[in-house]
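**Q**
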Amino acid sequence: SKSTKGSVVLGYVFRHLNLVEIDYFGLRYCDRSHQTYWLDPAKTLAEHKELINTGPPYTLYFGIKFYAEDPCKLKEEITRYQFFLQVKQDVLQGRLPCPINTAAQLGAYIIQSELGDYDPYKHTTGYVSEYRFVPDQKEELEDAIEQIHKTLM
């Protein structure tokens, strides 16, 4: 209902995702001109005029609202995983540009998380090309990712 507070919606999402370290996360939405806003926990849904004017249906996107200064201090595995997913998505969509060497390192970590350690019997040449890491991905990056993945254990 439109009288529901943002905090109630956020609480539902956080419980569904089993998140404890909730201060880093939020729900964002876009108005008709694609301006992004964060759902304010203190306001009712009706008070989010930009959201109300877009629907129904209403679309909210879960995401990282504040990045941890030191990700190593995040206590929960699920929190670290959500950070990983957000960075992966931001790099892929070009919202978080990074140099090729950084993209290769991140890509190798992504491959390792998806496929495990490098196995020459399972991971034949070109296996990285099945994945997307950055906009306009080139073979040079894929080769670099493969080389780094081979070194990760």
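Heads up: the sequence shown begins at 4 in the numbering used here, then just goes up one per residue. The beta carbon of each residue, even a glycine, is placed where N, CA and C say it ideally should be. Please read these numbers as outputs of a predicted model, since none were measured by experiment.
For the segment 10-49, which segments carrying the beta strand (DSSP E) assignment without a break, of at least 3 residues, lie completely within its bounds, in sequence order?
**A** 28-33, 39-41
**Q** Can you tell me whether DSSP reads phenylalanine 69 as helix, strand or coil?
**A** coil
**Q** Count Cβ pairs between the segment 83-95 and the segment 57-73 that sit closer than 8 Å; are there 3 or more?
**A** When C-beta atoms of the segment 83-95 are compared with those of the segment 57-73, three or more pairs fall below 8 Å, so the two segments count as touching.
**Q** Measuring alpha carbon to alpha carbon, tell me which residue in Tyr32, Ala71, Val11 is nearest isoleucine 55.
**A** Tyr32
**Q** Counting only runs of 3+ residues fully inside the segment 47-115, write out the beta strand (DSSP E) ranges in chain order.
**A** 64-67
**Q** Take aspartate 43 and list the residues in its own chain whose beta-carbon comes closer than 8 Å to its own, dropping the five residues that flank it on each side.
**A** Gly9, Glu50, His51
**Q** Taking the straight line between their C-alpha atoms, what separation do you get for alanine 106 and leucine 144?
**A** Taking the straight line from one Cα to the other gives about 8 Å.
**Q** Taking 8 Å as the threshold, find out whether the segment 130-142 comes into contact with the segment 95-114 through three or more Cβ pairs.
**A** yes
**Q** Applying the criterion that 16 or more other CB atoms from any shown protein chain within 10 Å of the CB defines a buried residue, is glutamate 72 buried or exposed?
**A** Exposed, by the Cβ-count rule.
**Q** Rounded to whole angstroms, what's the CA-CA distance from isoleucine 25 to leucine 13? Just pull it up for me.
**A** 9 Å
**Q** So what does DSSP say about lysine 5, is it helix, strand or coil?
**A** coil
**Q** One question on the structure: do tyrosine 40 and glutamate 53 come within less than 7 Å of each other, judged by their Cβ atoms?
**A** Result yes, Cβ atoms of tyrosine 40 and glutamate 53 sit closer than 7 Å.
**Q** State the start and end residues of the unbroken alpha helix (DSSP H) segment that holds glutamate 143.
**A** 142-154
**Q** Is DSSP giving valine 131 helix, strand or coil here?
**A** Residue state for valine 131 is assigned as helix, using DSSP reduced to three classes.
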